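No gaps in the numbering here: position 49 of the sequence shown is 86 in my numbering, and each next residue is one more.
The beta carbon of each residue, even a glycine, is placed where N, CA and C say it ideally should be.
The model shown is predicted, which means the values in this text are computed figures rather than measured ones.
Quick notes on the structure that follows.
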Amino acid sequence: MNHTRECAYCGLPIDADQRWVREKIYEPALVDGAPNYRRYHVEVFDGQELSCWEKYRMETELHRIGYAA
Numbered sequence: 038m039n040h041t042r043e044c045a046y047c048g049l050p051i052d053a054d055q056r057w058v059r060e061k062i063y064e065p066a067l068v069d070g071a072p073n074y075r076r077y078h079v080e081v082f083d084g085q086e087l088s089c090w091e092k093y094r095m096e097t098e099l100h101r102i103g104y105a106a
């Protein structure tokens, strides 16, 4: 059984030794009504200033307040 998790922001696999966060998403269109989850890297990659989770949250907030990134 494959338990590979993929980052919803960058699309790279999340390794077992990496820290990650998950976001619960409710999709009303689903028949069973069960939540789906998106997973994101929490650790910053070499050469980056923000983690995938931080980038996603920043873009979400900018979109919410009306700024285009």
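query                                                                          : result
C-alpha distance - Tyr63 paired with Asn73, whole-angstrom precision           : 6 Å
6 Å CB neighbourhood of Cys47 in its chain, flanking five on each side removed : Cys89
Glu96 versus His78: straight-line alpha-carbon distance, rounded               : 15 Å
Three-state secondary structure (DSSP) of Glu86                                : coil
Simplified DSSP state of Met38, which is helix, strand or coil                 : For Met38, the pLDDT reaches just 45, beneath the cut-off of 50, and the residue's location in the model is therefore unreliable, although a value from the coordinates is still provided. Three-state result, Met38: coil.
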